Amino acid sequence: MRHKTFLLFAILVIGFLSGPLAANAEKEGKVYRIGWLGPTYRVFDKVLLEELRKLGWVKGENFVIEYQSWGCKPDQIPKLAAELARHKVDFIFAVHTTDTFAAKNATSKIPIVFTMVGDPVGYGFVSSLARPGGNVTGVSSNLIEITGKAFQLLKEAVPGASRIACLHNPARGQLAHQFLEKMQAAAQTLGVKLQSVQAQDPKDFDAAFKAMAEEQAQGLVVLSSPPYNSYVTQIVDLALKNNLPMIVLGPTYWPRAGALMSYAPEYPHQYRSAAHLIDKILRGAKPADLPVELPTLYEFVINLKTAEALGLEIPESLLVRASEVIE
Amino acid sequence: MKGKLFRKYAVLFVTLVTGALLANGLIEIYFSYQENKTALARIQREKALAAALKIEQFVSKIELQISWIAPRGASGVSPEKVEYVRLLRKDPAITEVRFIDSAGREQLLVSRLGMDREKSGADFSQNPAFLEAKRGKTYFSPVYFRKGSEPYMTIAMAGPRKRSGVTVADVNLKFVWEVVNQIRVGKAGGAYVVGSEGNLIAHTNISLVLKKTDLSSLPQVAAARESPLNPGQEEKVSVARDLQGRQVLTTYAPISPMGWFIFLEQPLAEAFVTLYASIFRTALFVLAGIVLSILASLILARRMVTPIRALRDGAARIGAGDFGHRMNVHTGDELESLGEEFNQMTTRLQESYAHLEEKVKARTHDLNEAFQQLEIANKHKSEFLANMSHELRTPLNAILGYTELIVDKIYGDVPDKIQEVLERVGENGRHLLSLINDVLDLSKIEAGRLTLSLNDYSMQDLVQTVITSVESLGAEKNLALRTEVPSDLVTGKGDEQRIAQVFLNLVGNAIKFTDEGEVSIEVATSNSSFLVSVSDTGPGLSEDDQQGIFEEFHQVDGSSTREKGGTGLGLSIAKRIVEMHGGSIWVESTPGKGSTFWFTLPIRVEQQEEQK
């Protein structure tokens, strides 16, 4: 009898002790595969990876990235997106509108997060900012909304300008259209004449600037887009050559390269926000329930050297507003 | 019955120890639950207060900056645009700021997103921001969402003078979201902010906020809105259910200027993991303690009961007479001394028992001896009597013979006077002779010398002979003699003469003691015995007399015997004779109504019964 009691006791003890151990043994060991779709690996990706690390996601440890970069060949995007879908990655990080577009066409199941889409609702990526409803969500660059603002900033820098040109990429379709509409409205408000100039390839740039010169444009608003971003120096040089004060709706490397001004969301912050969305999705949230985030921080950069070269006196109201002044 | 004490002890011990252990365990669990809860709540509260402070600072910083700029528009004229631009530059949370003059017209708008405008004259006179601010208070609007996804709040403040305009700032509340998002309570716990109306302002799950979730029905939110705590006040812990219905440990802190509340919550299951672990440990120890105590109790109870059982069994053996048994109890306590006492008692008992037995043996021996001697003496006495009787009879017969010869005038004439005396001598001589005969008979019987001569006899003839010999006596007293003897009686076997002696004794007595009425003899058979009764209508016998009537030398009373004559040996002899035949004799009598003497006689007596 005593043996039996002891045996029972022993079984109970072992049972109690092994319960928690067994529960602990069941630890998540999953390594997620993230598909990356964009033009080239850039400095902002570092920001993304750093932020992910802060949230507990370490590249090579609990996730790996399959890079699909298309460099200067945007026509490759659909093929690369299809590749990612075929590889059944857990998640696609699409940098730009074109990437998001291709990724969304390639899959309706794999979650997609974007960082640089100007108008996600307009493109039909999401049904509304608050409730995306599908497999796509991300951080909007909100470039369209601030188009008027950029126009006004340029007008403030060149108060006397009465003819202002805008350069955009017709390949952006819907976005380019909205951009143009915004520009026209702003031109009307500010009482200036707007010249719309299109350029798709580097080979179009010369012709475009020639057209501006012919129309005697006194300022230029550029809507940055992937191909433009690859030829920053060329465009900046052309503007300077043509004595055109230019504001770019795009990253700060434009004024660093010599553009007069840039106005855009703070790009690193966009990537950080994207990292938070990725974190939520990897932890099980549905993209359909994750609202598209709008930028909270905007960067306004002025290159005073360029201003000097152009013979412009930048008013105090602009300098006060600038988040960075390049001297 | 068996093992009852063991069970009692075992149950008692187990109940006591288990009860104590359980009580201890439960108390420990209760206190550690309370302490844990309080500690967790304190930590949560600290976090909540810190978060509330952060949000308050965020808002008050904006408020402060607006308050610097607001007086610039004191005259009702728009302040310099550059000041507003600077404000935007300073605080990235402010997306738009506008100046509204005292008449409620927009004079200036500086925006981060849209185009700035001056002197638009847009009408804000009915706008709550304008109206509230004009009343001299800082106005905080309810939270609203731009483009359906960006949380915003309007803060408005008027200049100090009556004609001062109002500065209205649209503040992006993403910062509040970030604060809330950064709060982690354990792994699964988080925070949310609730507006003064109970609407959700910030939550880790943004879509809940964008759905404009109303939390006013949650009990913890309702309680907070009812009686907002002061920051210094001690928090009472509450366990409530969250939106998903999970049990959570929740605390809150007020965010004062706006009347918001920040709530921190953690699922109970996670919050109490360490508590559960400690409860589990306690339970394990209690369980182990109980198991051990049960084992110990069983052993202890066994140890207590075993000596008691040994005592009981020993007592039973001693009680059954096994005085050689000794208790073997070595517990070193009262039980052992009880066992020793038992053993001593047994020893004494054994000694006194042995002593007693010897004494009984000796006494019995003595008694036997005395008895034998007595018997020998009695025999001697009987023999002496028998011899004596014989010796007495011879000269008496001579006396009687000679007397009769004299009466019969063999020795010549006897004068009448002497004749009469001689007859009296003969009469008394015969009486003496019958006395001696009786004594002789009794002596013979007692000395074992009397032997029955067993022959066939006819009971009818026997009774007839008896009647014939006593007829004259009955006739003298004028008594009726009645016999009732069945004619078909079988032939008996026995000593006919002795049986006749019994009859004669009984009938003679009946006639002797009966003065009028009748004497009857009845014979029947039953169970191979003759059943004989001799009844009279004489004075009867008292209870006491019936008792000893068959003993030697017994007479009912002296006077009647003297009057009636008799030796007092007749019934005793009759009894002996009947018993020698294997029968029995008894009397039934009622004083004043007569007596009936009964005796049974086996019909065929083949052997004489031994006399004791």
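Residue numbers (this note's numbering), protein chains in the order written: chain A, 5 to 331; chain B, 25 to 636.
We put the CB at the ideal spot given by N, CA and C, even for glycine.
Since the structure is predicted, the reported quantities are computational estimates derived from the model, not experimental observations.
Beta strand (DSSP E) segment containing V134(B), residue limits: E130 to S135
C-beta contact flag for L459(B) and M483(B) at 8 Å: No; because the gap between Cβ atoms is not below 8 Å, this pair is not in contact.
Outcome for E470(B) when other beta-carbon atoms lying within 10 angstroms are tallied against a minimum of 16: buried
Reference A146(B); option with closest CA among Y276(B), E130(B) and L466(B): E130(B)
Neighbourhood of S144(A) by C-beta, 6 Å cutoff - its chain only, sequence neighbours within 5 removed: V121, P124, V296 and L298
Cβ neighbours of W622(B) in the same chain (closer than 6 Å, five flanking residues each side left out): In chain order, S557 and W610 place their CB closer than 6 Å to the CB of W622(B), counting only its own chain and leaving out the 5 sequence neighbours on each side.
Below-8 Å beta-carbon distance, M328(B) vs any chain A residue: No, M328(B) does not count as interfacial toward chain A.
Where Y377(B) falls, given that 16 or more other Cβ within 10 Å makes a residue buried: Burial check for Y377(B): the Cβ neighbour count within 10 Å stays below 16, so the residue is exposed.
Within-8 Å CB hit, V329(A) to chain B: no
Ordered list of alpha helix (DSSP H) runs contained in the region 204-248 of chain B, each at least 4 residues: 230-234
Residues bridged to W622(B) [DSSP beta-bridge criterion]: S557(B) and W610(B)
Members of the region 100-132 of chain B that neighbour chain A once the beta carbon cut-off is set at 8 Å: K105, V106, V109, R110, L112, R113, P116 and A117
Whole-angstrom C-beta distance between G213(B) and V245(B), which should lie under 8 Å: At roughly 17 Å, the Cβ-Cβ gap does not stay under 8 Å, so V245(B) and G213(B) are not in contact.
Cα-Cα separation between A410(B) and G498(B), rounded to whole angstroms: 33 Å
Any C-beta of chain B under 8 Å from that of R325(A): yes
Neighbour list for V296(A) in chain B, Cβ cutoff strictly below 8 Å: S173
The region 544-554 of chain B touching the region 475-492 of chain B, judged by at least three CB pairs closer than 8 Å: Contact between the region 544-554 of chain B and the region 475-492 of chain B is present, because at least three Cβ pairs lie under 8 Å.
Any C-beta of chain B under 8 Å from that of S132(A): yes
Closer than 7 Å at the beta carbon, the chain A residues around E196(B): According to the sequence displayed, residue 196(B) carries Asn and not Glu. Residues of chain A passing the Cβ test: T300.
Length of the line joining the Cα atoms of R454(B) and I573(B): 25 Å
Limits of the unbroken beta strand (DSSP E) element including K197(A): K197 to Q202
Per-residue DSSP class, three states only, for F82(B): helix
S321(A): contacting residues in chain B (beta-carbon distance under 7 Å): Here the neighbours are K105, V106 and V109.
Secondary structure of I116(A), DSSP reduced to three states: strand
One or two residues paired with A193(B) in a DSSP bridge: V121(B) and I179(B)
Local Cβ density within 10 Å of R135(A), reported as buried at 16 or more and exposed below that: Residue burial annotation: R135(A) is buried, with at least 16 other C-beta atoms found within 10 angstroms of its C-beta.
Within the region 462-516 of chain B, ranges of the alpha helix (DSSP H) (whole runs, at least 4 residues): If only complete runs of 4 or more residues are kept, the region 462-516 of chain B shows the alpha helix (DSSP H) at 483-501, in order along the chain.
Interface partners of L234(B) on chain A, CB under 8 Å: A134, R135 and P295
Three-state secondary structure (DSSP) of D147(B): strand
Interfacial residues, the region 146-166 of chain A to chain B, with Cβ spacing under 7 Å: E149, I150, G152, K153 and Q156
DSSP beta-bridge partners of Y302(A): P269(A)
Minimum Cβ-Cβ distance from S637(B) to chain A less than 8 Å: What is shown of chain B runs 25 to 636, which leaves residue 637(B) out entirely.
Euclidean distance between Cα positions of P626(B) and F554(B): Their Cα atoms are separated by approximately 6 Å.
C-beta neighbour in chain A for G138(B), strict 8 Å: yes
C-beta neighbour in chain B for T104(A), strict 8 Å: Answer no: the Cβ-Cβ gap between T104(A) and chain B never drops below 8 Å.
Top-ranked residue by Cα proximity to V218(B), from K158(B), Q525(B), M282(B) and S619(B): Here the closest residue by C-alpha is M282(B).
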